[in-house]
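Here's the structure we're looking at; comments come further down.
Protein chains: 2
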Amino acid sequence: MLTYSEENYLKTIFHLSLGQKKGVSTNAIAAKIETKASSVTDMIKKLNEKQLIKYQKYQGVTLTAEGIMAAKMIVRKHRLWEVFLVEKLGFNWDEVHDVAEELEHIKSEKLINKLDAFLEYPTQDPHGDPIPNAKGEIKLVDKQLLSEIDINTKVVCVGVKDSSSEFLQYLDKHKISLGTVIEIVDIEPFDQSYTIGLHQHTITITKKIASNLYVKVISA
Amino acid sequence: MLTYSEENYLKTIFHLSLGQKKGVSTNAIAAKIETKASSVTDMIKKLNEKQLIKYQKYQGVTLTAEGIMAAKMIVRKHRLWEVFLVEKLGFNWDEVHDVAEELEHIKSEKLINKLDAFLEYPTQDPHGDPIPNAKGEIKLVDKQLLSEIDINTKVVCVGVKDSSSEFLQYLDKHKISLGTVIEIVDIEPFDQSYTIGLHQHTITITKKIASNLYVKVISA
DNA sequence: ATATATTTTTAGATTTGTCTAAAATTTAGT
DNA sequence: ACTAAATTTTAGACAAATCTAAAAATATAT
Numbered sequence: 001m002l003t004y005s006e007e008n009y010l011k012t013i014f015h016l017s018l019g020q021k022k023g024v025s026t027n028a029i030a031a032k033i034e035t036k037a038s039s040v041t042d043m044i045k046k047l048n049e050k051q052l053i054k055y056q057k058y059q060g061v062t063l064t065a066e067g068i069m070a071a072k073m074i075v076r077k078h079r080l081w082e083v084f085l086v087e088k089l090g091f092n093w094d095e096v097h098d099v100a101e102e103l104e105h106i107k108s109e110k111l112i113n114k115l116d117a118f119l120e121y122p123t124q125d126p127h128g129d130p131i132p133n134a135k136g137e138i139k140l141v142d143k144q145l146l147s148e149i150d151i152n153t154k155v156v157c158v159g160v161k162d163s164s165s166e167f168l169q170y171l172d173k174h175k176i177s178l179g180t181v182i183e184i185v186d187i188e189p190f191d192q193s194y195t196i197g198l199h200q201h202t203i204t205i206t207k208k209i210a211s212n213l214y215v216k217v218i219s220a
Numbered sequence: 001m002l003t004y005s006e007e008n009y010l011k012t013i014f015h016l017s018l019g020q021k022k023g024v025s026t027n028a029i030a031a032k033i034e035t036k037a038s039s040v041t042d043m044i045k046k047l048n049e050k051q052l053i054k055y056q057k058y059q060g061v062t063l064t065a066e067g068i069m070a071a072k073m074i075v076r077k078h079r080l081w082e083v084f085l086v087e088k089l090g091f092n093w094d095e096v097h098d099v100a101e102e103l104e105h106i107k108s109e110k111l112i113n114k115l116d117a118f119l120e121y122p123t124q125d126p127h128g129d130p131i132p133n134a135k136g137e138i139k140l141v142d143k144q145l146l147s148e149i150d151i152n153t154k155v156v157c158v159g160v161k162d163s164s165s166e167f168l169q170y171l172d173k174h175k176i177s178l179g180t181v182i183e184i185v186d187i188e189p190f191d192q193s194y195t196i197g198l199h200q201h202t203i204t205i206t207k208k209i210a211s212n213l214y215v216k217v218i219s220a
């Protein structure tokens, strides 16, 4: 049985290892969990003992198969609860993260599988992130960052890279949500700001915004 | 902010104090929480510091107004989650207690009030126990133990005193649930066993069973 | 290549909640 | 009322998870 804290470390290592091939560094984990590197080293030793990660001093960590599955189950729970909060309880997509951080630690396989059925087996959470199924399988969706798309292309918004409430509220303010069709009207060479066409209006967004929006091309 | 453990103590003291006028004893708390009396004393000191209970050495504890409200909010959460598990996720009433014990500690007032609305403001949980509203008000329902009812009376089952899965499964086996009409056909003087009429059949139950079923009289 | 900077680990301390064993207090029996 | 029994508290220890400060290892820069 994993503790609350062990689960958080596994989840964090899982997320960090997606972006890279090498082991995840102590400092990277510490930054994400907002704790000290020395605390991370302590926990790394525990997870290593439990065979959930592979660890060599000073060389970072990687998850074992067992560790990956445990991490996926936590991610599964987190994202299913997010769907529940938005779809059933009427939370906005910028309000669900912190509550889901708590709910993801509830220990009951039956609960999570019944919740999954109740929600009709969603494959994505409210931010467009994939939900692992009960076997840990993740259905990857074809998506690109808006910042990688050429001018005069029509795309649909399918996810966000940054799911902080600040960014999500920015999107709300500009009426951008999952499913919103976006047309890239212009890209300013000087600062790479994007002028994009939405339903009724046209707005200009910074490179930073474009680098945090996942889209799928509809037509060139 | 209360810890998980502090919340469990408050809830336990709340439940134990309902049955009596005097302060709740250390041993009673220890028995319910399944811990040692010395651990209880330690926690009592913390809760006293936080002004959630009134405490005098060797004299047991009583909750302060603030402590009562905190306890009621935990009970509220526990029972609302139980309703959710049964009504929405299809759990049986004997399966929900342990999961609700975890869910009751999720910290979000918004969550619990939205859950309350989603469930359409239930006033009772799956075992017939009252659910405190957002203000902490509890709607007491008129009920008696089946063991207190006279012969030749028709009653309806409205709750259970013991909500252990063993007892609930016994009731399931005999097709007794909330709303079941029960007619007291006979009471054996020797062992106070009850012969009761249900929908189609008649069964005999022990005094112990009758002492754990809450009913409401329909007619004499 | 070597000095410097950064990262990581170790050592030792702290907090929370628990425990055992012993001491203090209260309760109950005669 | 006095003694025995039960309850409650205290004292000291421990495990989990964290921290600070210092030491060790690795990475970087010229």
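If you're matching them up, the sequences are chains C and R in order.
Numbering (UniProt numbering) for the first sequence: 1 to 220.
Numbering (UniProt numbering) for the second sequence: 1 to 220.
Cβ atoms here follow ideal geometry from the backbone N, Cα and C, with glycine treated the same way.
The structure displayed is predicted, hence computed values, not measured ones.
C-alpha gap between residue i and residue j, whole angstroms
i      : j      : result
C:K207 : C:D150 : 13 Å
R:I187 : R:S193 : 6 Å
C:S38  : C:G179 : 43 Å
C:K144 : C:Q200 : Residue 144 of chain C is actually Gln in this sequence, not Lys. Approximately 24 Å, taken between the alpha carbons.
C:I176 : C:C157 : 8 Å
R:I106 : R:T202 : 44 Å
R:E49  : R:T64  : 12 Å
C:K36  : R:E34  : 35 Å
R:L18  : R:L171 : 25 Å
R:N113 : C:L140 : 35 Å
C:A117 : R:F190 : 51 Å
C:Y214 : C:N92  : 19 Å
C:I68  : C:T41  : 19 Å
R:L111 : R:N152 : 47 Å
C:S165 : R:K32  : 42 Å
C:I13  : C:A134 : 20 Å
Close Cβ partners of residue i (< 8 Å) along its chain, the five nearest in sequence each way excluded
i      : result
C:E66  : Q51, L52
R:E101 : H78
C:G136 : I68, M69, K72, M73, R76
C:D142 : K216
Sequence-distant residues of its chain with Cβ nearer than 7 Å to residue i (five each side left out)
i      : result
C:F167 : V160, N212
R:V83  : L119, P122, D125, P126
C:F96  : The question names Phe, yet the displayed sequence has Val at residue 96 of chain C. So the list reads E82, L85, V86, P126, once near-sequence residues are dropped.
C:A70  : L2, L10, L52
C:S163 : H97, H127
R:V99  : L85
C:H174 : I203
Neighbourhood of residue i by C-beta, 6 Å cutoff - its chain only, sequence neighbours within 5 removed
i      : result
R:E183 : K154, G197
C:T204 : S193, T195
R:I74  : E7, K11, E104
C:I138 : P130, P132
R:A210 : L146, S147, Y194
C:T62  : G23, K54
R:Y4   : H105
C:N27  : A37
Beta-carbon separation (whole angstroms), residue i vs residue j, contact threshold 8 Å
i      : j      : result
C:I29  : C:L10  : At roughly 10 Å, the Cβ-Cβ gap does not stay under 8 Å, so C:I29 and C:L10 are not in contact.
C:P130 : C:V86  : Actually they are not in contact, since the Cβ atoms of C:P130 and C:V86 sit about 16 Å apart, beyond 8 Å.
R:S25  : R:G60  : 5 Å
C:K46  : C:E6   : 7 Å
R:I44  : R:Y55  : 6 Å
C:L89  : R:L115 : 6 Å
C:P132 : C:K72  : 4 Å
R:V181 : R:I218 : 7 Å
C:Q169 : C:D94  : 5 Å
Which runs of the alpha helix (DSSP H), 4 residues or longer, sit entirely within the stretch 29 to 115 of chain C? 37 to 49, 65 to 83, 97 to 103
What residues in the stretch 88 to 105 of chain C have a beta carbon less than 9 Å from any beta carbon of chain R? The residues in question are K88, L89, G90, F91, E95, D98, V99, E102, L103, H105.
Short-range partners of chain C found in the stretch 161 to 178 of chain R, where Cβ spacing is below 9 Å: none
Can you check the stretch 145 to 188 of chain R for any beta strand (DSSP E) of at least 3 residues that lies completely inside it and give the ranges in chain order? 154 to 160, 181 to 187
For the UniProt domain "HTH dtxR-type" (2 to 64) of chain R, which residues have a beta carbon sitting closer than 8 Å to at least one beta carbon of chain C? none
In chain order, what residues of the stretch 108 to 133 of chain R put their CB closer than 9 Å to some CB of chain C? S108, K110, L111, K114, L115, A117, F118
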